[in-house]
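Count along the sequence shown from 1, add 255, and you get the number used in the working numbering.
What follows is a set of notes on a single structure, which appears directly below.
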Amino acid sequence: MAGFSMFLPLGESKSSFNMEKAVCNHGFFMMAPNRWIPSSKTLQRPLRLADSTTCVTVSILHPPNRTSLLVRVHDVQNISYTDQRAILNQVARMLRISERDEMAVTEYQKVHPEAKAKGFGRVFRSPTLFEDLVKWSNTLKMARALCELQFELSNNKPSARSGPCKVINQMDGGILGNFPTSKELAGFDENTLINDHKVLGYRAKLILKLARDVERGTIRLHEFEKALEDTSFNQDQVFRRLMKIKGFGSYACANAMMCIGYYQHVPLDTETIRHLQEVHGRKNCDKKTANNYVAEIYDKYAPYQCLAYWSELLDFYENKFGKLSELPSSSYETVSGSRDGAIYKSAVTLTPSLLSQLSEHDKLYNNVRDTNYYTNLCDI
């Protein structure tokens, strides 16, 4: 197969990095356009060149006894230095390969020696924060639908208006594009999106609003990540700013914080309560006492409480389903649809303002019980 190869040095991460464990610890790795190949421990997906519109399919793997990752671009003979940097930066973000990320892994493992023994400390994420935020409000089927939509956009279907991201990503017999950018989605007609892609349901409006707010500059996603380097911002300030995004309640914001690189907030919903009851024996834990129990159990790991919680969820899932990195893709729906945890479900908080926008059918369809709970979106 023709292609262009480049290398991403692991640097200080070389001693702690494990490709399999860096990828297969979060439901995102199961979601389109990601494709994990267990036999070769390779991650494959489309990434964007420096112009943010042209896409190429890449395969990422860690050759034995090498201190760099091999990044192979499919069906391309040569790539400019600028485009190489753009691709490698996306890979580094997904796999958390940076001095700051390595420092977080090291410091977390100091307060959680069991995590070091397991090789846990990196949580997989997307090439961009926009993709992270949209995926948190979507299921496997919805992520796939958005990638199919992006393929339509890139091929200039009548209902689409966008740039030339013409990569073809074949998964399970289907043809997908890349995950759409905010720019690609912002120009899309709302009614067409809702009518032609019914699997998105009422979330289509929330996705479009997020995309348009990003493009207008109302939401500046880069500032959330820049805050990591700005000592004038603390985690609570970033959390409050995320809470202003329509459709994001405390649960979704805690997950967004983890995607950005803040690990203090443990995502709290009904599944977290179940985890505290079953794993930690807090049988009387409920929504009124959960915060106190979370503090009691996880504050000793501060400021990495979320990583400690995530590590427990990962153990729970692997004890139930087997090693996630070895599962066939046909099993992903079963894992993501499980009600026994939150690590492989995506959710948005249904606040009163959002509930008012739903039809009675939507409320029943999503099993909405009251405004203090979250829909189990992966069961749709």
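Yeah, the Cβ is synthetic: ideal placement off N, Cα and C, and Gly gets one too.
If you're wondering where the values come from, they're calculated on a predicted model, not measured in any experiment.
### Task
Report all residues from its chain with a CB closer than 7 Å to the CB of Ile334; omit the five preceding and five following residues, and keep chain order.
Phe259 and Val328
### Query
Can the beta-carbon of Cys310 be found less than 7 Å from the beta-carbon of Pro301?
yes
### Task
Pull up the distance between the alpha-carbon of Thr322 and that of Lys538, whole angstroms please.
47 Å
### Message
Contact between the stretch 498 to 515 and the stretch 454 to 469 is defined here as three or more beta-carbon pairs at a separation below 8 Å; is this criterion met?
### Response
yes
### Query
Which first and last residues belong to the alpha helix (DSSP H) in which Val493 is found?
Gln490 to Leu497
### Spatial neighbours of Gly432 in its chain, beta-carbon cut-off 6 Å, leaving aside the 5 residues before and after
Cys402, Gln405, Phe406 and Ser409
### Message
Starting from Pro264, trace the beta strand (DSSP E) in both directions and tell me its first and last residue.
### Response
Gly258 to Pro264
### Task
Just the C-alpha distance for Arg348 and Ser586, rounded to the nearest angstrom, thanks.
27 Å
### Message
One question on the structure: do Phe385 and Ser437 come within less than 7 Å of each other, judged by their Cβ atoms?
### Response
yes
### Task
Compare the beta carbon distance of Val521 and Tyr556 with 7 Å and say whether it is the shorter of the two.
no
### Query
Given that a residue counts as buried once 16 or more other Cβ atoms are within 10 Å of its Cβ, and exposed if not, what is Ser566?
buried
### Task
For Lys543, count neighbouring C-beta atoms within 10 Å of its own C-beta (all shown protein chains included) and say buried if the count is 16 or more, exposed if not.
exposed
#### Entry: Spatially closest choice to Ser314 from Ala400, Ile292 and Ser307, by CA coordinates
Ile292
#### Entry: Distance between Phe576 and Tyr457 (C-alpha atoms, nearest Å)
31 Å
### Message
Taking the beta carbon of Asp356 as the centre, do at least 16 other beta carbons fall within 10 Å, making it buried, or is it exposed?
### Response
buried
### Query
Could you give the distance in angstroms between the alpha-carbon of Glu470 and the alpha-carbon of Phe284?
27 Å
### Message
Using only the alpha-carbon positions, how far apart do Ser353 and Gly516 sit?
### Response
11 Å
### Message
Please tell me whether Met286 and Lys396 are closer than 7 Å, where the distance is taken between their beta carbons.
### Response
no
### Message
What residue range does the alpha helix (DSSP H) around Pro301 cover?
### Response
First-last for Pro301: Thr297 to Arg303, but that is the beta strand (DSSP E), not the alpha helix (DSSP H).
### Query
Using CA coordinates, which residue listed in Phe262, Ile449, Ser295 and Arg399 is at the minimum distance from Ala341?
Phe262
### Query
What's the C-alpha gap between Met512 and Leu343?
23 Å
### Query
Using a Cβ-Cβ cut-off of 6 Å (strictly less than) and excluding sequence neighbours within five positions of Asn510, which residues of its own chain qualify?
Trp391 and Pro522
#### Entry: Where the alpha helix (DSSP H) through Ser591 begins and ends
Tyr587 to Ser591
### Message
Suppose the cutoff is 7 Å on Cβ atoms and the five residues either side in sequence are ignored; what does the same chain contact list for Tyr553 look like?
### Response
Val521, Gln560, Ala563 and Tyr564
### Task
Report the partner residues of Arg290 according to the DSSP bridge assignment.
Gln299
### Query
Does the pairing of the stretch 364 to 381 with the stretch 524 to 540 give three or more beta-carbon distances under 8 Å?
no
### Task
Can you grab the Cα-Cα spacing for the pair Arg495 / Leu483, in whole Å?
15 Å
### Message
According to DSSP, Thr525 sits in a beta bridge with which residue or residues?
### Response
In DSSP, Thr525 forms no bridge with anything.
### Test item: CB-CB of Leu298 and Val278 under 7 Å
yes
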